[in-house]
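These protein sequences, in sequence, are chains A and B.
Each residue of the first sequence is one higher than the last, beginning at 35 in the numbering used here.
Each residue of the second sequence is one higher than the last, beginning at 35 in the numbering used here.
Each residue gets a CB set at the ideal place from its N, CA and C atoms; glycine is no exception.
For reference, the structure discussed in these notes is given below.
Protein chains: 2
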Amino acid sequence: MPATKMKATIKSVATDLFYRKGYYATAISDIARGSGIQKASIYYHYASKEDLLFSILETTMDDLTVYIRETLEGVSDVEERLRVAIRGHVGFHLTRQKENFIANSELRGLSSQNFRAIVRMRDAYERIFQDLIRRGIDDGAFAVVDVKILSYAILTLCTAGASWFKPDGRLNVDEIALIYENFIISGLKQAEGAVLRPPVAALSG
Amino acid sequence: MPATKMKATIKSVATDLFYRKGYYATAISDIARGSGIQKASIYYHYASKEDLLFSILETTMDDLTVYIRETLEGVSDVEERLRVAIRGHVGFHLTRQKENFIANSELRGLSSQNFRAIVRMRDAYERIFQDLIRRGIDDGAFAVVDVKILSYAILTLCTAGASWFKPDGRLNVDEIALIYENFIISGLKQAEGAVLRPPVAALSG
DNA sequence: GTCTATACGATGATAGAC
DNA sequence: GTCTATCATCGTATAGAC
Numbered sequence: 035m036p037a038t039k040m041k042a043t044i045k046s047v048a049t050d051l052f053y054r055k056g057y058y059a060t061a062i063s064d065i066a067r068g069s070g071i072q073k074a075s076i077y078y079h080y081a082s083k084e085d086l087l088f089s090i091l092e093t094t095m096d097d098l099t100v101y102i103r104e105t106l107e108g109v110s111d112v113e114e115r116l117r118v119a120i121r122g123h124v125g126f127h128l129t130r131q132k133e134n135f136i137a138n139s140e141l142r143g144l145s146s147q148n149f150r151a152i153v154r155m156r157d158a159y160e161r162i163f164q165d166l167i168r169r170g171i172d173d174g175a176f177a178v179v180d181v182k183i184l185s186y187a188i189l190t191l192c193t194a195g196a197s198w199f200k201p202d203g204r205l206n207v208d209e210i211a212l213i214y215e216n217f218i219i220s221g222l223k224q225a226e227g228a229v230l231r232p233p234v235a236a237l238s239g
Numbered sequence: 035m036p037a038t039k040m041k042a043t044i045k046s047v048a049t050d051l052f053y054r055k056g057y058y059a060t061a062i063s064d065i066a067r068g069s070g071i072q073k074a075s076i077y078y079h080y081a082s083k084e085d086l087l088f089s090i091l092e093t094t095m096d097d098l099t100v101y102i103r104e105t106l107e108g109v110s111d112v113e114e115r116l117r118v119a120i121r122g123h124v125g126f127h128l129t130r131q132k133e134n135f136i137a138n139s140e141l142r143g144l145s146s147q148n149f150r151a152i153v154r155m156r157d158a159y160e161r162i163f164q165d166l167i168r169r170g171i172d173d174g175a176f177a178v179v180d181v182k183i184l185s186y187a188i189l190t191l192c193t194a195g196a197s198w199f200k201p202d203g204r205l206n207v208d209e210i211a212l213i214y215e216n217f218i219i220s221g222l223k224q225a226e227g228a229v230l231r232p233p234v235a236a237l238s239g
């Protein structure tokens, strides 16, 4: 088999196993078995197990960022831009569920240098959403909200779908995206103003 | 040292290490070192590493459920009940950050029986929020939304705080809770209605 | 209750033949 | 490119002394 094809097979098998069993619980021998080769042969294609994980995460983040930028092209209305971005984010995460689940749960498997590289990409991606929200606030489309906190909240909420979504479940990707979209846009318009109130009760621990 | 005290020390050290390094990356010897004993001595207090993880998760879920139920006592208005529950959820998660982070990232470390036990507790907890939302819809306080999807979204969004919150950061627990609370309640009232639109573009992968 | 010593298995990775 | 064989290490857990 040509190197490029086997390399892709290994990556695909690893993605599936990392998703189903987790990075640490997956042994190189498992990936080899799934790929139909011996474990030593894996190292001809990838330098290490971590290298394989990094490759998956890097590709995912790259594709996600490119996809969202494409999605936004030609859309000018501030609110519609955020709606489009949410749709894109949800669509990408639910369609490429395994990779995205890994990207959100297995960063721990990376050494500090690789970790920083992925976090840098993630930060840049988050900034796209933060800019969209800020623009919406400046234009008066949204209420004056905390951009950082709510951008994390919004992305997390949409991403979470990747952990429970089932392609043949009750709702399809578009339906789920629409539910999120309306919830988020309404939340950002803040029909409900802030309410002053006493602090929560003290907690042990 | 009396058994109960050392047992608590071990649990506390393990919580800290599982939070900082992850369950798989933490060795029994690490926990022993942090507790000031030899690794073999750990097994006098806990049957296995998984037993220790399970103990942390069980206590956390128990305390969380009890806390939320207490928080809701005596509150009758539907909207205020959900607001109170959100405040409680956020407060608990940001105050007992480490345990909650583990509870949301290390379920993989459990064998199927223990896994099911924790998931059962989590499901029961989620049902509290689902009932609150459903009540709000029935009473006309909230729009007719998808309860399951949005309950997951709401809990995930609030829980996420446990992964980035810093006690001495820009905002304190109450401020963050209020931001979430207003965002969520506004989202559930849905000033913005559903918008029909074409499906998202096809995705590769 | 805690210690030392050790059994035992698994895993990531390498060496070198084909 | 893939194989067989093997290394080196580490981690959980147990045995038995104190």
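Distance between beta carbons of residue j and residue i, contact taken as under 8 angstroms
| i | j | result |
| --- | --- | --- |
| A137/B | L91/B | 5 angstroms |
| A42/B | L86/B | A42/B to L86/B, Cβ: 12 angstroms. No contact. |
| Y58/B | G143/B | 7 angstroms |
| T94/A | E133/A | 4 angstroms |
| G70/A | H127/A | Going by Cβ atoms, the distance from G70/A to H127/A rounds to 30 angstroms, so no, they are not a contact pair. |
| V118/B | V207/B | About 15 angstroms; that fails the 8 angstroms criterion. |
Neighbour list for residue i in chain B, Cβ cutoff strictly below 8 angstroms
| i | result |
| --- | --- |
| F217/A | V179, L184, A187, G221, L222 and Q224 |
C-beta atoms of residue i and residue j nearer than 8 angstroms
| i | j | result |
| --- | --- | --- |
| I240/B | G221/A | Nothing can be reported for residue 240/B, as the shown portion of chain B is limited to 35 through 239. |
| A66/A | Y214/B | no |
| I183/B | I210/A | yes |
| Q224/B | A175/B | no |
| T190/B | L205/A | no |
| F52/B | N148/B | no |
| E84/A | S145/A | yes |
| R161/A | V112/A | no |
| S82/A | K73/A | no |
| L116/B | I167/B | yes |
| V179/A | Q164/A | no |
| M40/B | T99/B | no |
| F135/B | S197/B | yes |
Residue interval of the alpha helix (DSSP H) (run including residue i)
| i | result |
| --- | --- |
| G68/B | I62 to S69 |
| A42/B | A37 to K55 |
| T108/B | Here the sequence assigns Gly to residue 108/B, which means Thr is not the residue at that position. Per DSSP, G108/B belongs to no alpha helix (DSSP H) and is neither H nor E. |
| E160/A | S146 to D172 |
| E133/B | Q131 to A137 |
| Y58/A | No alpha helix (DSSP H) holds Y58/A; DSSP gives it neither H nor E. |
| S75/B | K73 to H79 |
Contacts of residue i in chain B (Cβ-Cβ under 7 angstroms)
| i | result |
| --- | --- |
| T190/A | T190, L191 and A194 |
| G56/A | R142 |
Contacts of residue i in chain A (Cβ-Cβ under 7 angstroms)
| i | result |
| --- | --- |
| I210/B | I183 |
Within chain B, the residues that residue i reaches when beta carbons sit closer than 9 angstroms
| i | result |
| --- | --- |
| S139/A | S139 and R142 |
| Y53/A | Within 9 angstroms Cβ-Cβ: nothing; Y53/A doesn't reach chain B, min ~11 angstroms. |
| A59/A | Y58, R142 and G143 |
Contacts that residue i makes with chain A (C-beta to C-beta distance below 9 angstroms)
| i | result |
| --- | --- |
| Y214/B | I183, L184 and A187 |
Legend entry - Inside the stretch 179 to 234 of chain A only - alpha helix (DSSP H) runs reaching at least 4 residues: Fully enclosed alpha helix (DSSP H) runs of 4 or longer: 181 to 193, 195 to 198 and 207 to 223.
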